[in-house]
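To start, the structure under review is shown below, and the notes come after it.
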Amino acid sequence: MPVIAIIGAGPGLGLSIARRFGAAGFTVALISRTQEKLDALAARLAEEGIEAAGFTADVTRPDTLRNALATAAEHFGSVDVLEYSPADIALTGAAVTDAKSADLQKQIDYYLHGAVAAVQQVLPGMRERGSGTLLFSTGASSVHPVGGSFGSIGVAAAALRNYAMALNIDLAGQNIHAAHIAIGVFIGTGPGTEPATIAEHYWDAHTKRDRPEIVHSAPGGER
Numbered sequence: 003m004p005v006i007a008i009i010g011a012g013p014g015l016g017l018s019i020a021r022r023f024g025a026a027g028f029t030v031a032l033i034s035r036t037q038e039k040l041d042a043l044a045a046r047l048a049e050e051g052i053e054a055a056g057f058t059a060d061v062t063r064p065d066t067l068r069n070a071l072a073t074a075a076e077h078f079g080s081v082d083v084l085e086y087s088p089a090d091i092a093l094t095g096a097a098v099t100d101a102k103s104a105d106l107q108k109q110i111d112y113y114l115h116g117a118v119a120a121v122q123q124v125l126p127g128m129r130e131r132g133s134g135t136l137l138f139s140t141g142a143s144s145v146h147p148v149g150g151s152f153g154s155i156g157v158a159a160a161a162l163r164n165y166a167m168a169l170n171i172d173l174a175g176q177n178i179h180a181a182h183i184a185i186g187v188f189i190g191t192g193p194g195t196e197p198a199t200i201a202e203h204y205w206d207a208h209t210k211r212d213r214p215e216i217v218h219s220a221p222g223g224e225r
């Protein structure tokens, strides 16, 4: 069975992505910081007939992320789809007029460096097999800059977006597709913002492979 690894797995979008891929026959490696929460998610998926297991890692500590992905591969087999969408409400942003280098660095460590560590762990296997999908999530400020406290977050998210798009270019012709999904809504706040609706973009990115970027905007829009 193919394997998807979801980094930043939680009860909202991560669970919906797991359900969408699981319904298509994928086994699911759930990765985040808290084993108890991961076990609860895996149990919910098991009730729906989806095989899943949790593996703990902190995206700001690349060694833990590499270890979690390696352990997941030992448990399920090689990762076919990597989905990177960590979120931390405690990691507050700062307006760019006030942001110091340290403010930007903590965001870059979280968004970009974690993604790089994850890709470097799974990409060799994808290249060896000649197939794979790399999916990255950000807010829409990575595409359309905004001010205020989202400023420093947008700078780091834009770096992750650029990384994803560059991967798409460099991996062209190797049957490995990289795509960026920008989410321009607050998930679960109204029509078109449901996690299950947004999760369809990830399935489309994996199966259609026709574009390097999807921007989801309310109500249920995309480009």
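Counting the sequence shown from 1 gives a position; our numbering is that position plus 2. A virtual CB, placed ideally from N, CA and C, is assigned to each residue, including glycine.
When the Cα atoms are used, S34 and P88 turn out to be separated by approximately 8 angstroms. If you draw a straight line from the Cα of V145 to the Cα of G190, it is about 21 angstroms long. C-alpha of G153 to C-alpha of V187: approximately 17 angstroms in a straight line.
Listed in chain order, the beta strand (DSSP E) runs fully inside the stretch 117-150 are 134-141, counting runs of at least 3 residues. Rounded to the nearest angstrom, the gap between the Cα atoms of M3 and V98 is 45 angstroms.
Just so you know, the alpha carbons of A70 and L32 end up roughly 10 angstroms apart. Within its own chain, the residues whose Cβ lies closer than 8 angstroms to the Cβ of T66, once the five positions on either side in sequence are excluded, are T58, A59, D60, listed in chain order.
Per DSSP, reduced to three states, the secondary structure at E53 is coil, with no helix or strand assignment. For H218, no alpha helix (DSSP H) encloses it; the enclosing beta strand (DSSP E) starts and ends at 215-219. Taking A142 as reference, the option from D206, R163, I19 with the minimal CA-CA separation is R163. Counting every other CB atom within 10 Å of its CB across the protein chains shown gives G10 a total of 16 or more, marking it as buried.
Approximately 7 angstroms separates the beta-carbon atoms of V5 and S80; this is inside 8 angstroms, confirming the contact. When secondary structure is reduced to three states using DSSP, V157 falls in the helix class. A check of alpha carbon separations from L17 across H208, L173, Y204 identifies Y204 as the nearest. DSSP places L17 outside any beta strand (DSSP E); the residue lies instead in the alpha helix (DSSP H), whose first and last residues are 15-25.
S219 is positioned such that its CB atom lies no closer than 9 angstroms to that of I183. Y112: not part of any beta strand (DSSP E); DSSP gives it neither H nor E. Comparing C-alpha distances from A20 to each of A119, E49, D105 shows the shortest one belongs to E49.
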